[in-house]
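The sequence shown runs 4 to 221 under this note's numbering. Each residue gets a CB set at the ideal place from its N, CA and C atoms; glycine is no exception.
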Amino acid sequence: MANWSDRKLERLRREYHLEQLDEENLPGDPLLLFKEWMEVAAKSGNIDPTAMTLSTVDESGAPSSRIVLLKKIDHNKLIFFTNYNSRKAREIQNRSGVAVHFYWPELERQVKIFGIAKEVKDQDSDLYFSSRPFESQVSAWASPQSALVPDRDYLESEYRLYLEKFKSSGDVPRPAHWGGFSINLKRIEFWQGGRYRLHDRIEYSLNDEGWSRIRLAP
């Protein structure tokens, strides 16, 4: 068998054929369609259906992307949680416009989102933090996310320190530097793979009258 380095990348391709998007059957509210797609993805065997690529930009306009997990859909908002001292959080606090991307290859579907992110209320962060496993709560205290650390031993030492601190009571308070962001949706595109690369792209945009919808060429 040839090594990966010997393979011709330009010959790697797949065909798409599962479904089509028909405007007559689409809801006026894109959140209804998004919830439907998310439910189907959760039942499809995808091990991380809520995983989303979150893209932010720094002060110079340089983009940065990472995978985070969607934890709640609240009306017109998507909510995720993170360390407020992390790079992503600092960039959001400086430039609140973010892009989000979901990809469910087994369904031949993608969802691309633009929105405005802001911190959620403390009580919402408290509620979610209290639902996390004990070990994950401890890690939120131990890890100075995005900061320079000398080695892994340092992280494990910090974890053991906080584990010892909290294990007797079993009660871990939420760190002030940890919490949620809500992304207020402004634009959302649904992509469904199609035969012969004639993919379906339906884009919703929010304006003063509500949501409008257009079809884009693939």
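Original post:
Using the rule of at least 16 other Cβ atoms within 10 Å of the residue's Cβ for burial, across every protein chain shown, is Phe1 buried or exposed?
Top reply: Lying before the first or after the last residue shown, residue 1 is absent from the chain, which here runs from 4 to 221.
Original post:
Should Gly170 go down as buried or exposed, given a rule of 16 or more other Cβ atoms within 10 Å for buried?
Top reply: Reading the sequence as shown, one finds Lys at residue 170 and not Gly. Exposed is the label assigned to Lys170, since fewer than 16 other Cβ atoms lie within 10 Å of its Cβ.
**OP:** Whole angstroms is fine: what's the gap from Met4's alpha carbon to Thr53's?
**Re:** Caution is warranted here: a pLDDT of 49 is assigned to Met4, below 50, making its placement in the model unreliable, and no coordinate value can be reported.
Subject >> Nearest-angstrom Cβ-Cβ length linking Arg200 and Glu192, presumed shorter than 8 Å >> reply: The Cβ separation is near 17 Å, so there is no contact.
**OP:** Would you mind stating whether Ala120 and Ser99 have Cβ atoms separated by less than 8 Å?
**Re:** yes
Subject >> Top-ranked residue by Cα proximity to Phe117, from Leu15, Asp25, Leu36, Arg190 >> reply: Nearest of Leu15, Asp25, Leu36, Arg190 to Phe117, Cα basis: Arg190.
Original post:
In terms of alpha-carbon separation, which member of Leu34, Arg16, Leu81 lies closest to Gly213?
Top reply: For Gly213, the nearest C-alpha among the options comes from Leu34.
**OP:** For Arg93, name the three-state secondary structure that DSSP assigns.
**Re:** helix
**OP:** Take every Cβ of the stretch 84-94, pair it with every Cβ of the stretch 57-73, and state whether three or more of those distances are shorter than 8 Å.
**Re:** yes
Original post:
Touch check for the stretch 101-117 and the stretch 17-37: three-plus C-beta pairs under 8 Å?
Top reply: yes
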